[in-house]
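For the sequence shown, the residue numbers in my numbering are 1 to 150.
Every residue gets a Cβ at the ideal spot worked out from N, C-alpha and C, and that includes glycine.
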Amino acid sequence: MNYKGHIIGGVVTYVLILYLLKFINYPFDTIHNVQWFLLCILGSLFPDIDTKSKIQLWIYRLLFIFYILLIINNPNIQIMIFTSILAIIPLIVRHRGLFHQPSFLIGLPLIIVCIISFIQPAKASEALINALFFIAGALSHLLLDKSRRT
Numbered sequence: 001m002n003y004k005g006h007i008i009g010g011v012v013t014y015v016l017i018l019y020l021l022k023f024i025n026y027p028f029d030t031i032h033n034v035q036w037f038l039l040c041i042l043g044s045l046f047p048d049i050d051t052k053s054k055i056q057l058w059i060y061r062l063l064f065i066f067y068i069l070l071i072i073n074n075p076n077i078q079i080m081i082f083t084s085i086l087a088i089i090p091l092i093v094r095h096r097g098l099f100h101q102p103s104f105l106i107g108l109p110l111i112i113v114c115i116i117s118f119i120q121p122a123k124a125s126e127a128l129i130n131a132l133f134f135i136a137g138a139l140s141h142l143l144l145d146k147s148r149r150t
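Structure representation (structure tokens):
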């Protein structure tokens, strides 16, 4: 499936999750709506970061800007090392390998949630809900790829 189809899948996934949150009366505002929408879309595109594509190019451009801002504002070597390792992974794995494994797409965001929860406990619940939107988008990608092959 092409990136436009995966974006549509991410939008549909976002709407379904938002409906469920509204159904259980989960509190949210416009800023969270936009944030969750973007995370769901990012998740729906993320599994194809292991291909040479516009998505990969934009992610590396944003990472470059992030490094420059980090150096200027807060030269934290641990963050730079961690994100550098994450940035190299797509270059050394095969397409539809690691980034198309549900365990990786669920595990990586949850590990990041654990790290955030350890460093900033007050942000734990926000990090978890953000991760869930990203994970849902990523799983929508896998579902669409699977339905396309069958």
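Around the C-beta of Pro47, 16 or more other C-beta atoms lie within 10 Å, and the residue is accordingly described as buried. Ala122 counts as exposed, since fewer than 16 other C-beta atoms from the protein chains shown sit within 10 angstroms of its C-beta. Here the C-alpha atom of Leu38 lies approximately 12 Å from the C-alpha atom of Val15. Thr13 carries a helical assignment under DSSP once its states are collapsed to helix, strand and coil. The continuous stretches of alpha helix (DSSP H) do not include Asp50, and DSSP gives it neither H nor E.
In the three-state reduction of the DSSP assignment, Tyr26 falls in the coil class. Secondary structure note for Arg148: its alpha helix (DSSP H) is the uninterrupted segment 124 to 149. Here DSSP, grouped into helix, strand and coil, assigns Gln35 to helix. Between Ser140 and Ser44, the CB-CB gap stays under 7 Å. Taking a 10 Å sphere around the C-beta of Val113, we find 16 or more other C-beta atoms and assign the residue as buried.
Gln120 sits in coil when the DSSP states are folded into three classes, being neither helix nor strand.
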